[in-house]
């Protein structure tokens, strides 16, 4: 997947040729390797619980995936992101999906990722055509900001929700936010 250093901008082919590296979270932003620490326990708990809730509610032919690569821009210089959870069709490729095949991308905000999750990825995902983008903030009270594409205007953001988040788009889905990151 990736190594921690490159002295040049990378293409998607360069990204594919990099060795697997599970020591950090690695993404590709406009050809530049972005290396950040692996998420901490609270973040991982929340992402797993979001995945579990979503996956159990999806209609046949769709699935939720954890930490799955999304090609946001295949043209040079490439951008590959790894959202915490994605909702996509079950008949997609095994290694990664194109952004156009993602219905929902979910990011759980971590220390050090707030600007990336709320500004950079918001812009990238909108330009790539991902119809729904949810940003989960674990600071108490836990909230989700649900964004949806609104034509040429990019994402339109609904007010942040706490407690129970319910939506009818792209399917009827409910997320229980209380206790998402709490130890059991």
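Numbering (the working numbering), first residue to last: 914 to 1097. We treat Cβ as the ideally placed atom computed from N, Cα and C, and that holds for glycine.
**Item:** Neighbourhood of residue 1068 by C-beta, 7 Å cutoff - its chain only, sequence neighbours within 5 removed
**Value:** The residues are 1035, 1039, 1046, 1060, 1061, 1062.
**Asked** What's the gap between the Cα of residue 922 and the Cα of residue 988?
**Response** Whole-angstrom Cα-Cα distance: 12 Å.
**Request:** Identify, in the order they occur along the chain, each residue of the same chain with its Cβ nearer than 8 Å to the Cβ of residue 975, setting aside the five sequence neighbours on each side.
**Result:** When the five nearest sequence neighbours on each side are left out, the beta carbons in the same chain lying within less than 8 Å of the beta carbon of residue 975 are those of 1000, 1001, 1002, 1003, 1016, 1084, in order along the chain.
**Asked** Between the beta-carbon of residue 937 and the beta-carbon of residue 948, is there less than 8 Å?
**Response** Yes, they are a contact pair.
**Message:** Using 8 Å as the threshold, is the C-beta distance between residue 960 and residue 931 below it?
**Reply:** Residue 960 places its beta carbon 8 Å or farther from that of residue 931.
**Message:** For residue 1073 and residue 986, what's the separation of their Cα atoms in angstroms?
**Reply:** Distance between the alpha carbons of residue 1073 and residue 986 is about 28 Å.
**Prompt:** Leaving out five residues before and five after residue 1014 in sequence, what residues of the same chain have Cβ atoms less than 6 Å from its Cβ?
**Reply:** Closer than 6 Å at Cβ, skipping near neighbours: 1001, 1005.
**Boundaries (first-last residue) of the alpha helix (DSSP H) holding residue 959** = Looking at the DSSP string, the run of the alpha helix (DSSP H) that includes residue 959 is 954 to 970.
**Request:** Quick one: grab the DSSP three-state call for residue 989.
**Result:** Per DSSP, reduced to three states, the secondary structure at residue 989 is coil, with no helix or strand assignment.
**Asked** Looking only at C-alpha atoms, which of 1007, 972, 966, 970 sits nearest to residue 983?
**Response** Taking only the C-alpha atoms, the option nearest residue 983 is 1007.
**Message:** Taking 8 Å as the threshold (C-beta atoms), are residue 996 and residue 1022 in contact?
**Reply:** No, they are not a contact pair.
**Request:** Helix, strand or coil for residue 937, going by three-state DSSP, please let me know.
**Result:** Residue state for residue 937 is assigned as coil, using DSSP reduced to three classes.
**Member of 990, 1024, 994 whose CA lies at the smallest distance from the CA of residue 1010** = Nearest option by C-alpha distance: 994.
**Request:** Can you tell me which of the three DSSP states residue 915 falls into?
**Result:** Since pLDDT at residue 915 reaches only 45, below the 50 mark, its modelled position is unreliable, and no value is offered.
**Request:** Specify, as a first and last residue, the run of the alpha helix (DSSP H) that residue 1035 falls within.
**Result:** Note, residue 1035: alpha helix (DSSP H), 1034 to 1041.
**Item:** Identity of the residue in 969, 963, 1077 nearest residue 998 by Cα
**Value:** When only C-alpha atoms are compared, the closest one is 963.
**Request:** Report the three-state DSSP secondary structure of residue 1004 (helix, strand or coil).
**Result:** Residue state, collapsed to three classes: coil.
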